[in-house]
Amino acid sequence: EWLGFVLSRFPYTRPWGERLNDYLLDVATNIIDGILHALPGLGVAAAIFLLARFFVGFLGNFLERLASSESALSWIGPDTMPTTRRLFNIGIWLFAIAMAYPYLPGAQTEAFKGISVLLGLMVSLGASSIVGQGAAGLILTYTRTMRPGEYVRVGENEGTVIRIGMFTTTIRTGLGEELTLPNSVITSAVTRNYSRTVDGAGFIVDTTVTIGYDTPWRQVEAMLIEAAKRTPGIIDPPAPRVFQTALADYYPEYRLVAQAIPSGPLARAEVLTGLHANIQDVFNEHGVQIMSPHYMMDPHAAKVVRPEDWYKAPAIKSGDETGRGA
-11 EWLGFVLSRF PYTRPWGERL NDYLLDVATN IIDGILHALP GLGVAAAIFL LARFFVGFLG
49 NFLERLASSE SALSWIGPDT MPTTRRLFNI GIWLFAIAMA YPYLPGAQTE AFKGISVLLG
109 LMVSLGASSI VGQGAAGLIL TYTRTMRPGE YVRVGENEGT VIRIGMFTTT IRTGLGEELT
169 LPNSVITSAV TRNYSRTVDG AGFIVDTTVT IGYDTPWRQV EAMLIEAAKR TPGIIDPPAP
229 RVFQTALADY YPEYRLVAQA IPSGPLARAE VLTGLHANIQ DVFNEHGVQI MSPHYMMDPH
289 AAKVVRPEDW YKAPAIKSGD ETGRGA
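Oh and the sequence shown: position 295 is 283 in this note's numbering, straight run, nothing missing.
Dropping the structure here:
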């Protein structure tokens, strides 16, 4: 009012002052009309979002009850319930946004359509790697390749699984390291789970040694088992076992496999350290060198074990036809 009054006092600006009041009145009228016309659409959009929120809460409670009960749905459990709930929540909210979009003010304008096209272009350009990582996370979650608390080896990395996320998995080693691995790397690599196949709680400990053919294999197996029994953390039963995994040109390969008790990610590193130390002690006690011979020239005498040396200490001859020691 005051601006129109001032402008109308001067002959040059009098037309502006006379039209200003009408212009302001038209603007105010258009704004009020726009608000009144947008209220029904906003009400519908608000109702859609309220229904979506209700369904999110209802579905969350339903999935929690389903995961805690003896359900026939094997893919829903305490370990997969958070991911399943998150996926359903995302789906519900995306559906709600798609349903409420036409009722939002300005949804049919060219500016709003331009923003939609821009967002779609940004998502299409940057979502390929994100979608791949997310799909890998879903594969890890629902195939149960690993679970939090299990000790695994992925490629050259091993440790206790701390968290399996949508895009990355966190593994804590026993050497003061915390590794973050992309899920796509895990799904494309060989994963060894040292906790899944043990009897009860625990994990598998294994190590490999190569000794020349001139050392009795029964003696080597007995010494490896003796070293395992001396190592704190390795349990019996199940008894440690030794497998001859290869007969190479110059030496056989022995693999010792035992089960250890769980007490955190540092336990396996400590158990392996103690096991390797005991293997060296036992071999030194019996005068056996932990060496892998290589060919330089033909030896003067054949590198074979005489029958009277088959059961050198600590090997014990038993009734088994193979003569394996305990």
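For each residue, glycine too, the CB sits at the ideal point set by N, CA and C.
Whole-Å CB distance - residue i paired with residue j, under 8 angstroms assumed
i, j, result
"T161", "I127", "That pair is no contact at about 24 angstroms."
"H282", "Y238", "6 angstroms"
"R135", "V149", "7 angstroms"
"T179", "V142", "5 angstroms"
"V147", "L167", "The question names Val, yet the displayed sequence has Gly at residue 147. Indeed, because the Cβ distance is near 6 angstroms, the residues count as touching under 8 angstroms."
Assigned exposure category for residue i - 16 Cβ within 10 Å defines buried
i, result
"N272", "exposed"
"I152", "buried"
"S183", "buried"
"T129", "buried"
"G190", "buried"
"K300", "buried"
"Q277", "exposed"
"P204", "buried"
"Y53", "The sequence as given places Arg at residue 53; Tyr does not occur at that position. Its Cβ having fewer than 16 others within 10 Å, R53 is exposed."
"A265", "exposed"
"A35", "exposed"
"Y89", "exposed"
"A255", "buried"
"T261", "exposed"
"Q96", "exposed"
"V140", "buried"
"L263", "buried"
"I20", "exposed"
"P(-1)", "exposed"
Same chain, Cβ closer than 6 angstroms to residue i, five either side skipped, listed in chain order
i, result
"S280", "T198 and Y239"
"G313", "Low local confidence applies: a pLDDT of 42 at G313 is under 50, so the model's placement there is unreliable, and no value is given."
"R27", "The amino acid at residue 27 is misidentified as Arg; the sequence shows Leu. Cβ neighbours of L27 beyond the five flanking positions: none."
"T233", "E241 and R243"
"F76", "L47"
"G200", "Y239 and P281"
"M154", "G122 and G125"
Short Cβ contact (8 angstroms threshold) for residue i with residue j
i, j, result
"T195", "V259", "no"
"A33", "L92", "yes"
"Q121", "P70", "no"
"I267", "A215", "yes"
"G275", "I249", "no"
"I334", "N145", "Residue coverage of the chain in this structure runs from -11 to 314, which leaves residue 334 outside it and unanswerable."
"I192", "Q247", "yes"
"L322", "T17", "This structure gives no information on residue 322, because the portion of the chain shown stretches from -11 to 314."
"F343", "A86", "As shown, the chain starts at -11 and ends at 314. That puts residue 343 outside it, with no answer to give."
"L163", "A257", "yes"
"A124", "S172", "yes"
"F231", "V245", "yes"
Other residues of its chain near residue i: CB distance less than 8 angstroms, five sequence neighbours each side excluded
i, result
"K217", "D224 and P228"
"I80", "A40, F43, V44 and L47"
"G22", "P93"
"E296", "none"
"E165", "G147"
"V119", "none"
Range of the contiguous alpha helix (DSSP H) that encloses residue i
i, result
"V319", "No statement about residue 319 is possible, as the shown extent of the chain runs from -11 to 314 and does not include it."
"P83", "Correcting the residue identity first, residue 83 is Phe in this sequence and not Pro. M69 to A88 is the extent of the alpha helix (DSSP H) around F83."
"V142", "No alpha helix (DSSP H) holds V142; the beta strand (DSSP E) holding it covers Y139 to V142."
N- and C-terminal bounds of the beta strand (DSSP E) containing residue i
i, result
"G147", "N145 to I152"
"V318", "This structure leaves residue 318 out entirely; the chain is present only between -11 and 314."
"T133", "That residue, T133, is in no beta strand (DSSP E); it is neither H nor E in DSSP."
"D194", "F191 to T198"
"L235", "R229 to L235"
"Y242", "P240 to A248"
"R184", "Element bounds for R184: n/a, residue is neither H nor E."
"T157", "T156 to R160"
Neighbourhood of residue i by C-beta distance below 7 angstroms, restricted to the same chain and skipping five residues each side
i, result
"T156", "T168, L169, P170 and N171"
"V270", "M211, E214 and A215"
"H25", "none"
Residue i beta carbon near the ligand GDP (any heavy atom closer than 7 angstroms)
i, result
"L244", "Judged by which ligands are present, the structure shown has none, so any question about the ligand GDP falls away."
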